[in-house]
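Colleague: Just passing along the structure, written as structure tokens.
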Amino acid sequence: MASSNGDSSTTGPSSLARRLEDIVNAYYRGNRPPYSKIAEEIRQSTGRTFSATYLWELTTGRKRNVTRDHLRVLAEHFGVTPDYFTDEEVSERVRRQMEFAVALGNSKVRTLAFRADGLSEAGLDALLALVNAMSNESDSAGGQQRPGR
Numbered sequence: 001m002a003s004s005n006g007d008s009s010t011t012g013p014s015s016l017a018r019r020l021e022d023i024v025n026a027y028y029r030g031n032r033p034p035y036s037k038i039a040e041e042i043r044q045s046t047g048r049t050f051s052a053t054y055l056w057e058l059t060t061g062r063k064r065n066v067t068r069d070h071l072r073v074l075a076e077h078f079g080v081t082p083d084y085f086t087d088e089e090v091s092e093r094v095r096r097q098m099e100f101a102v103a104l105g106n107s108k109v110r111t112l113a114f115r116a117d118g119l120s121e122a123g124l125d126a127l128l129a130l131v132n133a134m135s136n137e138s139d140s141a142g143g144q145q146r147p148g149r
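Under the UniProt record's numbering, the first residue of the sequence shown carries the number 1, and numbering increases by one thereafter.
Shown next, in the form of structure tokens:
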């Protein structure tokens, strides 16, 4: 949220840091380059200078406020709206979209989705029940929870 002078955001450092870390991890699919490289990519994609140190401070929660302009630059580079960084509802919606995009990055998941597209409602219900059963079986056998569950 903006301060009265309109040039800074006072979003809690933990939520801003978490959201920035989430978007960076999704953007780089878990292979985050050094902050200096990210800052250079931001400069190249937006034409705006963004310090690697400042980016690190925001991502780690050491910086407690950020200007609206910097939020716009980050949003432009990562392909989200600036509200992603300040609005919990928008952030959650984008997080779910990122999870979906990652899942669609798996060719077998994409194939399953494409093949399921022509099924009847009964067929979709049966497929969903099967996937749910297999997912629950996988979770209990491996003792691991899947992300987002």
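All C-beta atoms, glycine included, are put in the ideal place defined by N, C-alpha and C.
#1: Taking all protein chains shown into account, decide if Ala113 is buried (16 or more other Cβ within 10 angstroms of its Cβ) or exposed.
#2: Mind pulling the alpha helix (DSSP H) runs of 4 or more residues that sit fully within the UniProt domain "HTH cro/C1-type" (51-85)?
#3: Can you name the start and end residues of the alpha helix (DSSP H) that Leu119 belongs to?
#4: Which residue's Cα is closest to the Cα of Asp69: Thr46, Glu88 and Tyr27?
#5: Using the rule of at least 16 other Cβ atoms within 10 Å of the residue's Cβ for burial, across every protein chain shown, is Ala26 buried or exposed?
#6: Return helix, strand or coil for Asn132, following the three-state DSSP convention.
#7: Helix, strand or coil, according to DSSP, for Arg19 in the structure here?
Modeller: Inspection of the coordinates gives the following:
#1: So Ala113 ends up on the exposed side.
#2: DSSP runs (the alpha helix (DSSP H)) wholly in the UniProt domain "HTH cro/C1-type" (51-85): 52-60 and 68-78.
#3: From DSSP, Leu119 is part of no alpha helix (DSSP H); its letter is neither H nor E.
#4: Among Thr46, Glu88 and Tyr27, the Cα nearest to that of Asp69 is on Thr46.
#5: Flag for Ala26 reads buried.
#6: Note: Asn132 maps to helix in three-state DSSP.
#7: The answer is helix: DSSP assigns Arg19 an H, G or I state.
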